[in-house]
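The structure under discussion appears below in the form of structure tokens.
There are 4 protein chains.
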Amino acid sequence: MASKTLDRRESLLDVALHLFAEKGYHATSISDIIESAGVARGTFYNYFENKRQIFGRLLDNLFSDVVSVAFPIDVLSGEGVPAQVQRLMAGFCRKLLTNLPMTRVLLEHAVGLDDEGNEQLKAFYDRVYGRIRKAISDGQALGIVRPGQPSVIATSLLGMLKESLYQQILGTSRVTPDEMVEEIFAVATCGILLNPPGEA
Amino acid sequence: MASKTLDRRESLLDVALHLFAEKGYHATSISDIIESAGVARGTFYNYFENKRQIFGRLLDNLFSDVVSVAFPIDVLSGEGVPAQVQRLMAGFCRKLLTNLPMTRVLLEHAVGLDDEGNEQLKAFYDRVYGRIRKAISDGQALGIVRPGQPSVIATSLLGMLKESLYQQILGTSRVTPDEMVEEIFAVATCGILLNPPGEA
Amino acid sequence: MASKTLDRRESLLDVALHLFAEKGYHATSISDIIESAGVARGTFYNYFENKRQIFGRLLDNLFSDVVSVAFPIDVLSGEGVPAQVQRLMAGFCRKLLTNLPMTRVLLEHAVGLDDEGNEQLKAFYDRVYGRIRKAISDGQALGIVRPGQPSVIATSLLGMLKESLYQQILGTSRVTPDEMVEEIFAVATCGILLNPPGEA
Amino acid sequence: MASKTLDRRESLLDVALHLFAEKGYHATSISDIIESAGVARGTFYNYFENKRQIFGRLLDNLFSDVVSVAFPIDVLSGEGVPAQVQRLMAGFCRKLLTNLPMTRVLLEHAVGLDDEGNEQLKAFYDRVYGRIRKAISDGQALGIVRPGQPSVIATSLLGMLKESLYQQILGTSRVTPDEMVEEIFAVATCGILLNPPGEA
DNA sequence: AATGAATGAGGTTTCATTCAT
DNA sequence: TATGAATGAAACCTCATTCAT
Chain A
24 MASKTLDRRE SLLDVALHLF AEKGYHATSI SDIIESAGVA RGTFYNYFEN KRQIFGRLLD
84 NLFSDVVSVA FPIDVLSGEG VPAQVQRLMA GFCRKLLTNL PMTRVLLEHA VGLDDEGNEQ
144 LKAFYDRVYG RIRKAISDGQ ALGIVRPGQP SVIATSLLGM LKESLYQQIL GTSRVTPDEM
204 VEEIFAVATC GILLNPPGEA
Chain B
24 MASKTLDRRE SLLDVALHLF AEKGYHATSI SDIIESAGVA RGTFYNYFEN KRQIFGRLLD
84 NLFSDVVSVA FPIDVLSGEG VPAQVQRLMA GFCRKLLTNL PMTRVLLEHA VGLDDEGNEQ
144 LKAFYDRVYG RIRKAISDGQ ALGIVRPGQP SVIATSLLGM LKESLYQQIL GTSRVTPDEM
204 VEEIFAVATC GILLNPPGEA
Chain C
24 MASKTLDRRE SLLDVALHLF AEKGYHATSI SDIIESAGVA RGTFYNYFEN KRQIFGRLLD
84 NLFSDVVSVA FPIDVLSGEG VPAQVQRLMA GFCRKLLTNL PMTRVLLEHA VGLDDEGNEQ
144 LKAFYDRVYG RIRKAISDGQ ALGIVRPGQP SVIATSLLGM LKESLYQQIL GTSRVTPDEM
204 VEEIFAVATC GILLNPPGEA
Chain D
24 MASKTLDRRE SLLDVALHLF AEKGYHATSI SDIIESAGVA RGTFYNYFEN KRQIFGRLLD
84 NLFSDVVSVA FPIDVLSGEG VPAQVQRLMA GFCRKLLTNL PMTRVLLEHA VGLDDEGNEQ
144 LKAFYDRVYG RIRKAISDGQ ALGIVRPGQP SVIATSLLGM LKESLYQQIL GTSRVTPDEM
204 VEEIFAVATC GILLNPPGEA
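Protein chains in written order, with the numbering used here: chain A, 24 to 223; chain B, 24 to 223; chain C, 24 to 223; chain D, 24 to 223.
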């Protein structure tokens, strides 16, 4: 019974994910959700207070899900820090490219939805950026990463990834995840110039 | 007389820009727009067919406006290609950071609005990416830019900028445009590693 | 429960009949309907897709209702065919004159409403005329009815009835249904001339 | 100049006739009319007070136009009264079948429009029926027409014609005007029975 | 007389949410 | 818990009419 209840909630969230991803928040009606879920109208309101709430909960789930692929960089590991970072980025990309509804909700439909949604996004990015900045600071301390404002470096890195994913959603770009990550990583590590102004 | 008419349309577009930026497309009603513009309901429909259309027109204007700050890179100029690129990026950032409503509409509210909006965005990004890719290819031919898929490099570059601007909108980051561009440019040109893997 | 639901739909149709009859299709607003029915706005749209649809459904009902008074002429009956026909005509007239809203909708407000309405009317009249023509053909075969195009004869017969009803609606004429039918029947059967050109 | 003004008014009435005939009163907008007439919006209101008025004026014109084909029956003429009546009916039918927009407005769109329109129609029919009733009374006095209520006989006669015309508009019937009139006249004069009950 | 931009009342329809069963 | 009929605020859009030029 408890599990049945759980199933209902999960089922509604799952259905909502796909609908929101496909049509966006506003174009998705409660009717769409309950029809897809095979549930009565009133039942929906037994599990969620309102339409906005199920979107919020869904977003929370997606955030957790994305963050869950992260792993701590181990400086002492034989793999090498850059390789670990590349593996991390590849993990995110694989996650998001194999779960496109998730990606569409995160990159398209959660953006600018309302103040509450912006807060949620901000909180999420704060967490993510906190980790990245920490990694960069550590890298700088270890002499691996060039000096510079960690926050801007972090934004640059994440921006590369997000934009690549977004262009894939828009259908502009068609690259395999691994190709994508490899190239991005190359730009991120070495930059785009053949002969950088240099420290000579 | 002609100018009065022009003013009405412009005035509606201007008012719409600010409202859409502030509240988003869906939360902005025709009533909001006509109240802010001090215009009767019917007048709105003399200038635009419906709410969706004014948003589309507005988007077109913003696209033109953004693109208008671009200038062609002159390889023969004494300024040097990288410096010109940095100037270009700075131009975009200044444009967008001094016109935040525009930025919010472009980065928040036009994203994932509907299929038509996505097409519009795609067309815009196709143009932008075309130019950037061309610049990168040229740079590679000139031996300035490292080899690599121009499209991914282009995406990375634009992604850095867009994400930086977006984080400023979210209020996560507070950096001056020039600082921002300088750091981004550093990452873009040299990468983030102190000692890149090298070309050995 | 089922009956309650049924009641709502019926109630809306009933209220709509009277309003449409009184004011016509265009002058009757949804607000008029729901106020008269004592129902919320949304409730209307639970039962009908839009204003045009309830009118269409109403028309269907009226058609069935009118047609339901028809009965097949029995040639072998002792009553005699002409008497049966007169009884049939009297049935229609009584139906329509004791249900004036129905008559007004059929003869005033469904006429020329739009293409869809014209199709509906045409289909109705096709059915009705089919029956009348059949009766006339049969009558001709039996040697009761004079030769002549059944379709024109049918039109003449129905036209007499319709115009009489319509003039009653307009308030031009005040005759009892039975008087009316008797006179019409006389004209229909014998014509208006005292000494017809004749078969002498 | 006076003639130009006249032309404008005529032109608007003419355009309105065709539009009202095609689409009906409500589906025809002032925009439709002024576009078709090639006239500015304000100009329309220089010639007519409002939309309802132009329809009323148009209706008046149509009434006059229809009535104008009537001619007085001459009892002393060598042609014979029945022949004259048939010629009268044929005149009406030809008029209406060669001017279908007129017919559609009269039979479809003026019907049940509003109270004012009904009054106008009633007044028109009162005039028409007055003449027909007079003719019938005269015919009865002359021993040509069978006894019976002139009003019902008149209604029957006009009903036959109107319904025939209406079915032609609906597209149900395809007969030439002369065929039509001949058959109707036959029914009207002799009735539909081969052996009328007789006066025994 | 001619113009056409401006008006705003009024209509239709949608859809998130409630609540009695 | 599950149901789904009922609700009504709120949105969009139309179009006859006005009036300053």
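The beta carbon of each residue, even a glycine, is placed where N, CA and C say it ideally should be.
- In the DSSP assignment, GLY214/C falls outside any alpha helix (DSSP H), carrying neither H nor E.
- GLU206/D belongs to the set of residues whose beta carbon lies under 9 Å from a beta carbon in chain C.
- PHE71/C sits buried, since 16 or more C-beta atoms from the chains shown fall within 10 Å of its C-beta.
- Under the three-pair Cβ rule at 8 Å, the segment 181-197 of chain B does not count as touching the segment 192-203 of chain A.
- Listed in chain order, the alpha helix (DSSP H) elements of length 4 or more contained wholly in the segment 77-121 of chain C are 104-120.
- Listed by position along chain A, the residues whose Cβ is nearer than 7 Å to that of ILE215/B are VAL168, ARG169, ILE176, ALA211 and THR212.
- DSSP links VAL168/B through a beta bridge to LEU216/A.
- For GLY135/A, the number of other beta carbons within 10 angstroms of its own is at least 16, and it is reported as buried.
- For ALA113/B, the nearest beta carbon of chain A is not closer than 9 Å to its own beta carbon.
- Identification of residues in the segment 81-92 of chain D having a C-beta nearer than 8 Å to some C-beta of chain C yields an empty set.
- Note that the C-beta distance between MET203/B and VAL175/A is below 9 Å.
- Spanning the alpha carbons of ASN218/B and ARG75/B requires a straight line of approximately 51 Å.
- Ranked by Cα distance from PRO95/D, the options GLN107/D, PHE86/D, ALA60/D and SER87/D are led by GLN107/D.
- In the structure shown, SER196/C falls within a coil segment according to DSSP collapsed to helix, strand and coil.
- Interface annotation, GLU202/C: in contact with chain D, CB-CB separation under 9 Å.
- Put simply, the CB of ASP149/C is near chain D, with a gap under 9 Å to one of its CB atoms.
- GLY61/B carries a coil assignment under DSSP once its states are collapsed to helix, strand and coil.
- When secondary structure is reduced to three states using DSSP, TYR152/C falls in the helix class.
- Only ARG127, LEU130, GLU131, HIS132, VAL134, GLY135, LEU136, ASP137 and ASN141 from the segment 126-143 of chain D bring a Cβ to less than 8 Å from some Cβ of chain C.
- Pairing PRO170/A with GLN163/A, the inter-Cα distance amounts to about 6 Å.
- With its beta carbon at least 9 Å from every one in chain B, PRO124/A lies outside the interface.
- Distances from the CA of GLU139/D to each of THR126/D, LEU180/D, ARG80/D and GLN191/D were compared; the closest alpha carbon is that of ARG80/D.
- Apart from sequence neighbours up to five positions away, the residues of its chain that approach MET183/C with a beta-carbon distance below 6 Å are ILE207, ordered along the chain.
- The criterion of a C-beta distance shorter than 9 Å is not satisfied by LEU111/A and LEU188/A.
- The beta carbon of ASN84/B lies closer than 7 Å to those of LEU36 in the same chain, with the five residues before and after it left out.
- If you compare the alpha carbons of LEU99/A, LEU181/A, LYS118/A and GLY166/A with that of SER91/A, the shortest gap goes to LYS118/A.
- By the C-beta density criterion, THR66/B is exposed, having fewer than 16 other C-beta atoms within 10 angstroms.
- With fewer than 16 other CB atoms across the displayed protein chains lying within 10 angstroms of its CB, VAL98/C is exposed.
- When LEU82/B, PRO220/B and ALA63/B are compared, the shortest CA-CA separation from ALA146/B is found for LEU82/B.
- Residues of chain A with a Cβ closer than 8 Å to the Cβ of HIS49/B are, in chain order, HIS49.
- DSSP places THR126/B inside the alpha helix (DSSP H), whose first and last residues are 123-127.
- Look at ILE159/A: its C-beta is under 9 Å from a C-beta on chain B.
- Taking the C-beta atoms as reference points, LEU144/D is found no nearer than 9 Å to ILE215/C.
- In this structure, DSSP gives HIS132/A a helical state, which the three-state scheme calls helix.
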